[in-house]
Amino acid sequence: MDFISDVAINLLAHRIGSRVLAFLSSGRFQGERGFAWGFAVAVGGLVLIVPIVAFIAWMIHTGS
Numbered sequence: 000m001d002f003i004s005d006v007a008i009n010l011l012a013h014r015i016g017s018r019v020l021a022f023l024s025s026g027r028f029q030g031e032r033g034f035a036w037g038f039a040v041a042v043g044g045l046v047l048i049v050p051i052v053a054f055i056a057w058m059i060h061t062g063s
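Position 57 (the sequence shown) corresponds to 56 in numbering that gives the first Met the number 0; numbering is contiguous.
Listed below in structure tokens is the structure:
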């Protein structure tokens with residue numbers, strides 16, 4: 000089960016990261032092989048984790 004969730008999260012992060020990087024590079028980024036795949040997963044992972052970190056920071060700021 001852990002393998003399935005890991006694959007799903009990696010594919011979701013890759014898809015999101017590829018879209019973000021393609022948007023930033025005006026559609027030139029492909030992200031299909033090697034370093035580009037890992038870079039897209041890293042960017043997608045950051046995009047996925049930012050709302051959680053922002054919510055925690057907001058909760059700390061408001062003192063809840």
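Heads up, the beta-carbon is just placed ideally off N, CA and C, and yes, glycines get one too.
Because the structure is a prediction, the values reported are computed rather than measured.
If I'm right that Val40 touches Gly16 with Cβ under 8 Å, what's the distance once you round it to whole angstroms? Counting from one through the sequence shown, the residue named residue 40 turns up at place 41. Counting from one through the sequence shown, the residue named residue 16 turns up at place 17. About 6 Å; that satisfies the 8 Å criterion.
Cβ-based neighbour list, Trp36, same chain, cut-off 7 Å, excluding 5 preceding and 5 following: As a working note, residue 36 is residue 37 in the sequence shown. Cβ neighbours of Trp36 beyond the five flanking positions: His13 and Gly30.
Span of the alpha helix (DSSP H), counted from its first residue to its last, around Arg14: Here residue 14 refers to the residue found at position 15 when the sequence shown is read from its first residue. Residues Asp1 to Leu23.
Determine, using beta carbons only, whether Val46 and Leu20 come nearer to each other than 8 Å. Position 47 of the sequence shown, counted from the start, is the residue given in the question as residue 46. Position 21 of the sequence shown, counted from the start, is the residue given in the question as residue 20. In this structure, Leu20 does not lie closer than 8 Å to Val46 by Cβ.
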